[in-house]
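What follows is a single structure, written as structure tokens, with notes after it.
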Amino acid sequence: MPLFPEEPQIHESAQGPRGTAAGHPAPTPRPVPGPRSAASPRPGRPGPGSARPGPPMPRPHTGAAQTPSTRPENRSEQRTGPQIQLIPAPVDGAVDAAEEAVDLLLDSGRSPGDILVLTTGEQHPWAAHELSFGETAYWAQQDAGDDVFFADADAVERAAARPVVVVAVNGGAEEAVAKALPLAMGRATALLIVCGDPQRINAVLGVGV
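Sequence positions in the sequence shown follow the working numbering and run 1441 to 1649.
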């Protein structure tokens, strides 16, 4: 069953001043989400007492974003796979759209540990930052399961299943994307959100949904 390309796109909101961690300038142009909790959904990383320099806090979202909605499912789909939602976005806006989707999921009550975010092109700044401390520490955060986890789509087979998987189709070879999307769907136990070009995504997933 094909995806609905007319799903409402989350519009990028007006940008406010970006935060800094411990008085240092932001190391990357895009805000890097850190650990999220129900009490404080958008704090910066790292937590209290950590010696790591934290990346900047994410920008505030002040625009009128719409809560992600999923396409209707029939009973067969509920038994055989996750709900699938498509958020149309250009290649250079796919990561921003994915971050908006994550924020809305958290605002709606989703636990941070429920969410896995994958990128098909350039690595998400959070993943790049955490990998600078070594792969062991990086993957240990996935195993802890208490925070949103960001990973490269190439590593999706190593990623653990989570209720919600958000994929930002922000580049990458066609073959890599074609391989990553079905694997990402297999990692999502309840909901798969794909941010990117609708035609490209439907070409990969349209036959199987």
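Ideal Cβ positions, reconstructed from N, Cα and C, are used throughout, including at glycine.
Measure from the alpha carbon of residue i to the alpha carbon of each residue in the options, then state which is nearest.
i     : options                       : result
F1589 : D1554, I1641 and I1527        : D1554
S1551 : V1535, R1598 and P1603        : P1603
Q1523 : A1643, L1631 and A1618        : L1631
D1586 : A1643, Q1563, G1612 and L1546 : L1546
A1601 : G1549, D1583 and E1614        : D1583
So, for residue i: in the same chain, excluding its five sequence neighbours on each side, which residues have a beta-carbon less than 7 Å away from its beta-carbon?
i     : result
W1579 : none
G1611 : V1531, T1560, G1561 and E1562
A1538 : V1557, V1606, A1608 and C1635
A1534 : A1608, V1609, N1610, C1635 and G1636
Q1581 : E1570, D1587 and F1589
Taking Cβ to Cβ, would you say residue i is nearer than 8 Å to residue j?
i     : j     : result
G1521 : M1625 : yes
V1605 : A1628 : yes
P1638 : L1526 : yes
Which residue or residues does DSSP assign as beta-bridge partners of residue i?
i     : result
Q1523 : L1631
V1557 : F1590 and V1606
G1636 : P1528
So residue i and residue j are in contact, right, with Cβ under 8 Å, and what is the actual spacing, rounded?
i     : j     : result
A1567 : D1592 : 7 Å
A1616 : D1594 : 7 Å
Any C-beta of chain D sitting closer than 8 Å to the C-beta of residue i?
i     : result
R1640 : In the structure shown, chain D cannot be found, because there is only a single protein chain.
Could you name the residues of the same chain whose beta carbon sits closer than 8 Å to that of residue i, not counting the 5 residues immediately before and after it, in chain order?
i     : result
Q1641 : Contrary to the premise, residue 1641 reads as Ile rather than Gln in this sequence. Taken in chain order, the residues that qualify are L1443, L1526, V1609, L1621 and V1634.
A1577 : E1570
Give every residue of the same chain whose Cβ lies closer than 6 Å to the Cβ of residue i, excluding the five residues on either side of it in the sequence, and list them in chain order.
i     : result
L1645 : L1621
R1598 : none
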